[in-house]
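Worksheet: one structure, shown below.
There are 2 protein chains.
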Amino acid sequence: MLSMKCKYALKALVVLAAEGTKLPSSAIAQKARVPAKFLEAILTDLRKADALTSERGAHGGHKLKGSPEKIMLGHVVRAMDGMLAPIPCASTFYYKKCDDCTDEKICVIRHAMTEVRNKIAEVLDSMSLEDLVNMSPKKKQQLFW
Amino acid sequence: MLSMKCKYALKALVVLAAEGTKLPSSAIAQKARVPAKFLEAILTDLRKADALTSERGAHGGHKLKGSPEKIMLGHVVRAMDGMLAPIPCASTFYYKKCDDCTDEKICVIRHAMTEVRNKIAEVLDSMSLEDLVNMSPKKKQQLFW
DNA sequence: ATTAATTCATATAAATTCAATAGGAATTGA
DNA sequence: TCAATTCCTATTGAATTTATATGAATTAAT
Ligand code: FES
Ligand code: FES
């Protein structure tokens, strides 16, 4: 399950990708239809995840770091929610051993869930913010949802 | 994320699939290495999900309902954890509208997550308990994890 | 220098979900 | 009657989620 945090993060990034310019968090919150104060914390995390840069003070704001086609959904989702895999032992970026399994090399649950994780990663690691923006039939009107 | 409940459920079902026979929950708990009392509740849910049948009283126990190749992982995961989709609006079995989106037909988040959900469903709805058992290199020794 | 707009840091809180345990009623076979 | 079992209801503690509140630090404009 994607958390609200992650969903909001994606929306914020789509807004920034479509806009291209620097925007204050309040403007992003409005356009993305996301709780303003919650978004502030999310933007901080996105900055730490290297997805955007921020400037403080008057006329400050947030701007995408790098071009939209280089920021992949997989990167964003991992930064917000952690692993893509359904189960920690099947994760490549957030691997964790299972206490209830003695030999993960033969574990059939792990094998099955690794297949799932690979499919998820295939989709999310090949889809960029630009893809997301272009996906919208109304992108010229800046309507994404 | 797969819950522990779901993981335990899958393990219990693999044990039953491999064994073929009726087993009391205590025996399943031991073979699957799962907390006994927690498993009891899980087995009840699995019965309600039509994955097994139970007999009460002495010599009672639980038995797979139908053959292992007909019970799909997707069915089990849905019964335990709900939707496969990363987000409710992208779920086919557990659909729920998003409060923060005004037009889901054009929503790019939904479009992206629908792709993910379809990949997940493709894997889990085509993999059966029998597949899981056969996946094990040590199935003859009943070692699955 | 003051003010307004902003990010940033920290703390907190309410609600929900998860993982499990407890206790005992009901059922069944020996 | 007894032992083994499923089944039912309640509870618990911990963690996570989804925020909100407060105010410090920074910056540009006046
Ligand atoms: S090793 Fe993770 S489920 Fe078995
Ligand atoms: S409709 Fe669900 S994310 Fe937009």
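As you go down the protein sequences, you meet chains G and V in turn.
Note that the first sequence covers residues 178 to 322 in the working numbering.
Note that the second sequence covers residues 178 to 322 in the working numbering.
C-beta atoms are modelled at their ideal positions from N, C-alpha and C, and glycine is treated no differently.
In the three-state DSSP reduction, residue 237 of chain V falls in the coil class, being neither helix nor strand. For the beta strand (DSSP E) assignment, the uninterrupted runs of no fewer than 3 residues enclosed by the region 197–273 of chain G are, from N- to C-terminal side, 229–232, 238–241. Residues of the region 182–197 of chain V with a C-beta atom less than 7 Å from some C-beta of chain G are 184, 187, 188, 191, listed in chain order. A distance below 8 Å separates the beta carbons of residue 245 of chain G and residue 310 of chain G. At a cut-off of 8 Å, the C-beta of residue 292 of chain V has a neighbouring C-beta in chain G. Distances between the C-beta of residue 183 of chain V and the heavy atoms of ligand 1 are all 7 Å or more.
Residues of the same chain with a CB within less than 6 Å of the CB of residue 226 of chain G, apart from the 5 flanking positions on each side, are 256 in chain order. At a cut-off of 8 Å, the C-beta of residue 222 of chain V has no neighbouring C-beta in chain G. Chain V has a Cβ within less than 8 Å of the Cβ of residue 300 of chain G. Contact check between the region 179–192 of chain G and the region 212–223 of chain G: three or more CB pairs, one atom from each, fall below 8 Å, which counts as touching. In chain order, the residues positioned with their C-beta nearer than 5 Å to some heavy atom of ligand 1 are G:266, G:275, G:278, G:281, G:284, G:286, G:287, V:322.
Contacts between residue 313 of chain G and chain V, judged by CB atoms closer than 8 Å, involve 283, 285 in chain order. With a threshold of 7 Å, the Cβ atom of residue 219 of chain G does not count as near ligand 2, since no heavy atom of the ligand is closer than that. The criterion of a C-beta distance shorter than 8 Å is satisfied by residue 200 of chain V and residue 239 of chain V. Rounded to whole angstroms, the gap between the alpha carbons of residue 273 of chain G and residue 208 of chain G is 38 Å.
Around residue 263 of chain G, the beta-carbon contacts reaching into chain V at under 7 Å are 178, 179. Classified as exposed, residue 234 of chain V has fewer than 16 neighbouring CB atoms from the shown chains inside 10 Å of its CB. The beta carbon of residue 280 of chain V sits closer than 8 Å to some beta carbon of chain G. A distance criterion of 7 Å places the beta-carbon of residue 205 of chain G beyond contact range of ligand 2, judged by its closest non-hydrogen atom. If you check the CB distance, residue 251 of chain V and residue 308 of chain V do not come in under 8 Å.
Straight through space, the alpha carbons of residue 262 of chain V and residue 198 of chain V are spaced by roughly 34 Å.
According to DSSP, residue 305 of chain G shares a beta bridge with G:249. Excluding its 5 nearest sequence neighbours in each direction, residue 275 of chain G has C-beta neighbours in its own chain below 6 Å: 266, listed in chain order. Counting only residues of its own chain and dropping the five nearest sequence neighbours on each side, residue 186 of chain G has a CB closer than 7 Å to the CB of 219, 223, 253, 257. Setting aside the 5 residues that flank it on each side, residue 210 of chain G is surrounded in the same chain by 188, 322, each with a C-beta closer than 8 Å to its C-beta; the list follows chain order. Chain V has no Cβ within less than 8 Å of the Cβ of residue 215 of chain G. Under the three-state reduction of DSSP, residue 283 of chain G is assigned to coil, being neither helix nor strand. Annotation: residue 199 of chain V has no Cβ neighbours in chain G at a cutoff of 9 Å; minimum Cβ distance is about 22 Å. Between residue 195 of chain V and residue 316 of chain V, the CB-CB gap stays under 8 Å.
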